[in-house]
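Q:
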Amino acid sequence: MRQPTPRRSSKAGLPPGTPVHIGRRQSEQAKITILDYDEAGVREQALESLDQCVSLRGVPGVTWVSVVGLHDIELLERLGECFRLHPLVLEDIANTDQRPKLEDYDGYLFIVAKALDGNARDAQVDAEQVCLVLGPNFVISFEELESDLFGSVRERIRAGRGHIRNAGADYLAYSLLDALVDRYFVTLEVLGEKIENFEEELVTNPTVGTLRIVHRLKSEMIVLRKSVWPLREVIAGLSRAESSLINQATVIYLRDVYDHTIEVIDTMETYREMVSGMLDIYLSSISNRMNEIMKVLTIIATIFIPLTFITGIFGMNFARMPGLRWEWGYFATLGAMFLVGVGMLLYFRKRKWL
Amino acid sequence: MRQPTPRRSSKAGLPPGTPVHIGRRQSEQAKITILDYDEAGVREQALESLDQCVSLRGVPGVTWVSVVGLHDIELLERLGECFRLHPLVLEDIANTDQRPKLEDYDGYLFIVAKALDGNARDAQVDAEQVCLVLGPNFVISFEELESDLFGSVRERIRAGRGHIRNAGADYLAYSLLDALVDRYFVTLEVLGEKIENFEEELVTNPTVGTLRIVHRLKSEMIVLRKSVWPLREVIAGLSRAESSLINQATVIYLRDVYDHTIEVIDTMETYREMVSGMLDIYLSSISNRMNEIMKVLTIIATIFIPLTFITGIFGMNFARMPGLRWEWGYFATLGAMFLVGVGMLLYFRKRKWL
Amino acid sequence: MRQPTPRRSSKAGLPPGTPVHIGRRQSEQAKITILDYDEAGVREQALESLDQCVSLRGVPGVTWVSVVGLHDIELLERLGECFRLHPLVLEDIANTDQRPKLEDYDGYLFIVAKALDGNARDAQVDAEQVCLVLGPNFVISFEELESDLFGSVRERIRAGRGHIRNAGADYLAYSLLDALVDRYFVTLEVLGEKIENFEEELVTNPTVGTLRIVHRLKSEMIVLRKSVWPLREVIAGLSRAESSLINQATVIYLRDVYDHTIEVIDTMETYREMVSGMLDIYLSSISNRMNEIMKVLTIIATIFIPLTFITGIFGMNFARMPGLRWEWGYFATLGAMFLVGVGMLLYFRKRKWL
Amino acid sequence: MRQPTPRRSSKAGLPPGTPVHIGRRQSEQAKITILDYDEAGVREQALESLDQCVSLRGVPGVTWVSVVGLHDIELLERLGECFRLHPLVLEDIANTDQRPKLEDYDGYLFIVAKALDGNARDAQVDAEQVCLVLGPNFVISFEELESDLFGSVRERIRAGRGHIRNAGADYLAYSLLDALVDRYFVTLEVLGEKIENFEEELVTNPTVGTLRIVHRLKSEMIVLRKSVWPLREVIAGLSRAESSLINQATVIYLRDVYDHTIEVIDTMETYREMVSGMLDIYLSSISNRMNEIMKVLTIIATIFIPLTFITGIFGMNFARMPGLRWEWGYFATLGAMFLVGVGMLLYFRKRKWL
Amino acid sequence: MRQPTPRRSSKAGLPPGTPVHIGRRQSEQAKITILDYDEAGVREQALESLDQCVSLRGVPGVTWVSVVGLHDIELLERLGECFRLHPLVLEDIANTDQRPKLEDYDGYLFIVAKALDGNARDAQVDAEQVCLVLGPNFVISFEELESDLFGSVRERIRAGRGHIRNAGADYLAYSLLDALVDRYFVTLEVLGEKIENFEEELVTNPTVGTLRIVHRLKSEMIVLRKSVWPLREVIAGLSRAESSLINQATVIYLRDVYDHTIEVIDTMETYREMVSGMLDIYLSSISNRMNEIMKVLTIIATIFIPLTFITGIFGMNFARMPGLRWEWGYFATLGAMFLVGVGMLLYFRKRKWL
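Protein chains in written order, with our numbering: chain P, 1 to 354; chain D, 355 to 708; chain S, 709 to 1062; chain E, 1063 to 1416; chain Y, 1417 to 1770.
1. May I ask you to report which of helix, strand or coil DSSP gives SER951 of chain S?
2. Does any residue of chain E have a CB that is nearer than 8 Å to the CB of ARG866 of chain S?
3. Taking the Cβ atom as the reference point for each residue, do LEU1550 of chain Y and LEU1532 of chain Y lie within a distance shorter than 8 Å?
4. Go through the region 1607-1641 of chain Y residue by residue and report every complete run of the alpha helix (DSSP H) that reaches 4 residues or more, in order.
5. By Cβ distance below 8 Å, which residues in the same chain neighbour LYS1357 of chain E in space, the five residues on each side in sequence not counted?
6. Is the beta carbon of LEU1661 of chain Y closer than 8 Å to that of PRO1552 of chain Y?
7. For LEU1592 of chain Y, which three-state DSSP category applies?
8. Looking at C-alpha atoms only, which residue of S:ILE921, S:GLN753, S:PHE850, S:THR771 is the closest neighbour of LEU798 of chain S?
9. Does the Cβ of THR656 of chain D have 16 or more other Cβ atoms within 10 Å, making it buried, or fewer, making it exposed?
10. What residues in its chain sit with their C-beta under 7 Å from that of SER1659 of chain Y, if we drop five residues either side in the sequence?
11. Looking at GLU199 of chain P and MET268 of chain P, is the spacing between their C-beta atoms short of 8 Å?
12. Is ASN645 of chain D close to chain S? Criterion is C-beta to C-beta, closer than 8 Å.
13. Excluding the 5 residues flanking ILE235 of chain P on each side, which residues of the same chain have their C-beta closer than 7 Å to its C-beta?
14. For PHE1601 of chain Y, count neighbouring C-beta atoms within 10 Å of its own C-beta (all shown protein chains included) and say buried if the count is 16 or more, exposed if not.
15. For the alpha helix (DSSP H) containing LYS719 of chain S, list its first residue and its last residue.
16. Helix, strand or coil for THR1125 of chain E, going by three-state DSSP, please let me know.
17. Taking 8 Å as the CB-CB limit, is TYR330 of chain P close to chain Y?
18. For TYR1409 of chain E, count neighbouring C-beta atoms within 10 Å of its own C-beta (all shown protein chains included) and say buried if the count is 16 or more, exposed if not.
19. Whose CA, out of D:ASP634, D:GLU627, D:MET698, lies closest to the CA of ILE653 of chain D?
20. Check whether the region 1560-1568 of chain Y touches the region 1576-1595 of chain Y, taking contact to mean three or more Cβ pairs, one atom from each stretch, closer than 8 Å.
21. May I ask which residues mark the beginning and end of the alpha helix (DSSP H) holding ASP974 of chain S?
22. Quick check: the Cα distance between THR564 of chain D and LEU556 of chain D, rounded to an integer number of angstroms?
23. Can you list, in chain order, the residues of its chain whose CB lies under 6 Å from that of ILE848 of chain S, leaving out five sequence neighbours each side?
24. In terms of alpha-carbon separation, which member of D:ASN559, D:THR372, D:GLY423, D:ARG438 lies closest to PHE492 of chain D?
25. Just to make sure I have the definition right: I need the residues of chain Y whose C-beta is within less than 8 Å of the C-beta of THR308 of chain P. Which are they?
26. Is there a Cβ of chain D sitting closer than 8 Å to that of GLU904 of chain S, yes or no?
27. Going by the DSSP bridge assignment, what does LEU47 of chain P pair with across the sheet?
28. Could you give the first and the last residue of the continuous beta strand (DSSP E) run that contains GLU103 of chain P?
29. Establish whether the CB of THR1067 of chain E and some CB of chain S are separated by less than 8 Å.
30. Verify whether the separation of the beta carbon atoms of ASP38 of chain P and ARG165 of chain P is less than 8 Å.
31. Could you name the residues of the same chain whose beta carbon sits closer than 6 Å to that of ASP1488 of chain Y, not counting the 5 residues immediately before and after it, in chain order?
32. Could you give the first and the last residue of the continuous alpha helix (DSSP H) run that contains LEU339 of chain P?
33. Are the C-beta atoms of ALA655 of chain D and some chain P residue less than 8 Å apart?
34. Which residues mark the beginning and the end of the beta strand (DSSP E) in which ALA113 of chain P is found?
35. Which of helix, strand or coil does DSSP assign to MET1417 of chain Y?
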């Protein structure tokens, strides 16, 4: 149900800047794809190893280096040398247990974000780490597992749709972040449907498992919140454009993604309130039902206890009990008991206990 | 009861700045009304199509272009070209799932706000998106459905009441926002009445459905809050008058609308506290009533159980039971049982259990 | 119990700056009293109408124009013209549903505050709106109903006590605010007494009505809080002395009133926590008492049920039941039942259930 | 249990700056002690009246004027004249219902603080007001009642321990505040012990009075909090050293007292959380115990009700009831009832209800 | 369970700057280890006494003086003289009840932090105080008890791993803080496992002791929070690099530790929410179980009470009771009772009470 804390403790005692892969999933082999593009055209190439460092840099236009798979520490280090990344950056990339953040290094920006996998409907909300390095004319993206997260951006570059081919590396970084944030809406919709269906179920058939589902929804929202709130700061930091790597023209677009994250947060907070309210409804309807049962049962018992007392009276063995010998005594007693029972029922109904 | 999240996910993967209509309601055809006015007079005209772009601009005085219906993407785009609106602005106008916000573009201000429909008494509080574009001498307003929201402003322009005809486009934008905020008070009054009536009902006749009504009131307040809190920031931003589009003279008026939104927020928060308090009263009175029932019923049972025990004693079949043969034994036993019953009643009353 | 929202909706659609009286109480006729004073002496005069505008201004010394009754819109407008007040100021004066605020207009300060009527002990805490206009050498005060709120200040001016006659209009405004804030302490003391008495009652005799009283206390505090918190900002704004209308010498006094409002807020918050704590005590003692009852009753029933079972055994009609014919069987059975009963009582006592 | 609001209302209507003694305790006579000291030596003198104003000032070195007893308004006023204190300062000194604060007057600083009396173990936490006036070469301290609060400082001056005799008046003021804050730790320790003992009692023997003790602890913490939080701001204000009366060398010491107040606040907040947690434990253990009782009692009743039903069957008077005449019928029935009882017990145990 | 407040009160009355050891544990003798290192090599030496002050300073390269054991006040004072530490610094070192803080003294920085001992799995989370003094070319570390907290750093210096030997004293201080923060992750993992295991237990077997464990977890988090939150400010203060003692190159590393503390805080807050949620689940499942029991028992009683009433009827001793003499009366009655019982069971099942 819950993501266990990855074994951060395995790093205690190592010198800072030592990249250690802390993650849950390992693709079979790290894969590097390079996409060079400018207004004129697009060049794609997939690398297996990293001997050709020269091939990565010095190309005119914008270069997007996409790395999938983080367990190959050596490859990361060679890439780091090639792009002159700080050892701490490499350490953060390999450790997939980072918080979304934006760091301004000399010559490049380092961005950590969380991508949500909102496709699987039954599955849990799960956050995967995505790192971006934005340089003057290149963007490097790091993912742990192959996914179609950035597929639409790649498609747009290939097809030359929108003005992505005319814009710089900062616009590419924006596009990647935008694709990432768009995924949040998908996850939110799935979550919203779950909540709606569950609300229906809560009213028609509250069972013991309900509380656990409510808490599972709550945990999913904690995952969401831990991903989105710091992302908001990251994008706010980018759109303040304090770095020379961000063009003024891109700021308008970054403000737009910023608005989207605010909307995600808003919807999330609304869902949180709804789930809290559902907990109240659940507890109240469970206790209402129990009270309902107890009430009816107690009323039945209460009616028959005085009646049983009456039968007890006429079951006593006194030698002289007037009425016992009376021919209609039995029927009169039955009638009296019937009247007592009906009277109590009427009284209960009058006091609205029934 | 709740507004489902509009299908934002349908936009994932599209290039930014692609307007897609995300909304619930579609008027049959988009309608454009143009109102030119200055001190001297008023010219009105209704357009079906947008070939006459020239007719929209270049007129002396203030021009109010009112667009009703947002599903006609093509028309929006032509309008955008005509007034040189940024593609992201068009995208935000078409997507009626925006958060109220103020954006300062080069040459115009873009305002998103939520209008409340407070007319229907039984209906839910529902927020409709209204967008304003404030240029140097024009205001464009975008609504999804025809409504009488801005009717009074239009009336005032036609009649020349107040000094709206002498003032600039910023005063017109202020007037529209003022009309919009005035609606909030209507909605709040309706909500206030609902709460008051409901409070009465809560005390006289708390039923099972009550909790759901409390939660519906809570959801309506969430809608309200999501509309008003950001609107406050929007108007605060306008009244700081950092844009050259806002005259100093209009700032006093904007501060006034700002005060109104603060009052709306204040009243809303008071209502929230009242609704929370009502939940406490409800839960407490429900449990009080149940306890009341259980107590009385248990007391009845408790009185008759010892009495039944006594009848049991004299129903035993021992050969030698002194008293059974005594002539007044039966009556003495009945009397004793009567005394025991009355004694217990008195004891219960003394301990204030009755 | 609760103040209904005044009909703000009646204003929707009117041009801004149209004063409409929104209030609960109307004195029979608006009354204007003018008090001119300087070190040398005091001149008082009561006006019925406002033809003599000249008589209001241009007098040396400080002029205090006191207006009681706000329903005479025409009079307000003439006064506004006379002192060159902005239409929005007049609108705010007539609408008694304002939030305390401070506004800096050209040439005068406009202050809205709430006065509490703390005299009536049984009555609700009720806030009445008081507006002040502070000009270079005049103060205009607006009240809805005649009250003795400013009586002590008037007395001090007439008698020349303190140095009010040597000071300027800002000191007069300070004195009025000080008198207004002093009233809050009276209200708080009344409220404090109510809470103390109620706490006593809560422990000795918790009844069903208690919860409603707790909620009434809570609502009174909401009224208080809505009046005091913004007042704090108003006085903080005044004591920052950004306006040239406030002398540096008066700032020390304003800081003193500021401290008083902070104390009012402090005491209020303490009361709020006490009332919340009382709710806990109430709920807990109610449920304790109910549990106490249920426990004793259940114990009685539990003792007699096994005893009744024993009588049932000997009430069976088997042909051969040894003991039934034994001469002491009856007494032995009675004794055994007595022992069982006492044994259960002792067991219950040992387990501390009694 | 609770400190009633002192009668602030008695001041309503008086001109500002009129000192009125608002306090709970009156020492028999106000007492003034004067301590002059410099590196060379110490001169002490106790005054009964205040005719010798000259004797108070103009002495080289540092002068500490200690005033105990605030009800002698005349004496306060003469002292005020002598040291040129503002009337509002005198008013605040006489009114012991002030909030801790720091005020920067021309030529002196005015400090209000709350001293805690943490000696009496059983008694309530109680806050007494202490005022300090810090001038260029003098400190005046005002207390309501004689106490040993500043005894250690006086001792240190007399004995010349530490470097207090070499330092200025600001270091004396710091020493007094330090002694005052040190008292808070004593009070916190007493409170901590109370909470610890109480926690023990809560687990072993939760009674009805427990909730009231929890709330008493809560009220004591409210008193503490109202004293400490503003004191923090006071000392932070002093250590910013914006006044020329504070030497840079003293700032390090003031920062140290500041850290102490932060620690007091920290410990206090921890205690608050612990007390809240205790409330949860209490409520839960009370309800656990009650449920425990109800469960066992209900089980007893449930076992005997079916058994009594069986005895009822054989107590019926039908002419033809096979088994009644059977010789072993009685014993067989008893045996069957025994088996039913044991079976139910086993069933309850299996379902873990016992 | 809880750490009692160390006896701060023993210090009340002492002059400021008097070091008094306030701590829980005393190592047998204070131990001083000195580590001099530069790029070229490492010199280690262990001191018993402090006569050789000269040996501590004036060495080229970086000097790390590590002090273990704080009860030897005299030694602390001699060390203080040697490094010209302020008396207040010595006082804070000896008092192990400090809050994490950063103080900028003339010529050195003083850092107080809390180290967590996360090794013992069953034991409580416990915070031990660690002080650092960072000078231009030396770092002094103070611990109360010998531990392996800084073992890895020492190892790294000896082995020359990483670039610690090339960096200055600020990098050493960073390394020590980094080692300290890394420990927090270990503690968090232990805590996370406890919570996970406990959650499992909570669902399968909620017992009475559970609530106490939940509260123990809560207290451990309070200890954690009191250690981490202020540490965050300490490291934020260091990484702002306002002191000339911090090199710009070290700032990147400090920002990294800062990120780690933020992650610790994040995880901690998530755990807090999970523990709160567990409390809800616990209370709800306890009450569910109790209700389950009460329901079944009440149903049993309810079925037999009407049946017993029927047996009572035929146990009455009326002379004329038709049916008693009927040959099949007995069996007919038994059958009727059977039908009534089954009917009630079916009714209960239909209403989903079973």
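Where is the CB? At the ideal position from N, CA and C, for every residue including glycine.
From a predicted model like this one, the values you see are computed outputs, not experimental measurements.
A: In this structure, then:
1. In the structure shown, SER951 of chain S sits in coil (DSSP, three-state: anything other than H, G, I, E or B).
2. no
3. no
4. none
5. TRP1415
6. yes
7. helix
8. S:PHE850
9. buried
10. ASP1520, LEU1525
11. no
12. Chain S, which has a Cβ nearer than 8 Å to the Cβ of ASN645 of chain D, makes this yes.
13. LEU177, LEU254, VAL257, TYR258, THR261
14. buried
15. It is not in any alpha helix (DSSP H) - LYS719 of chain S carries neither H nor E in the DSSP assignment.
16. Taken through DSSP and simplified to helix, strand or coil, THR1125 of chain E comes out as strand.
17. yes
18. exposed
19. D:MET698
20. yes
21. 956-1022
22. 7 Å
23. Only VAL773, VAL841 meet the Cβ criterion.
24. D:ARG438
25. ILE1721, THR1724, PHE1725, GLY1728
26. Among the CB atoms of chain D, none fall inside 8 Å of the CB of GLU904 of chain S.
27. BP columns for LEU47 of chain P point to P:ILE32.
28. Per DSSP, GLU103 of chain P belongs to the beta strand (DSSP E) from 101-105.
29. With a pLDDT of 41 at THR1067 of chain E, under the threshold of 50, the modelled position of that residue is not reliable, and no figure is offered here.
30. yes
31. Cβ within range, chain order: ALA1446.
32. 329-350
33. yes
34. Start and end: 108-116.
35. Residue placement at MET1417 of chain Y cannot be trusted, given a pLDDT of 37 that sits under 50; what the coordinates show is reported in the next sentence. The answer is coil: DSSP assigns MET1417 of chain Y none of H, G, I, E or B.
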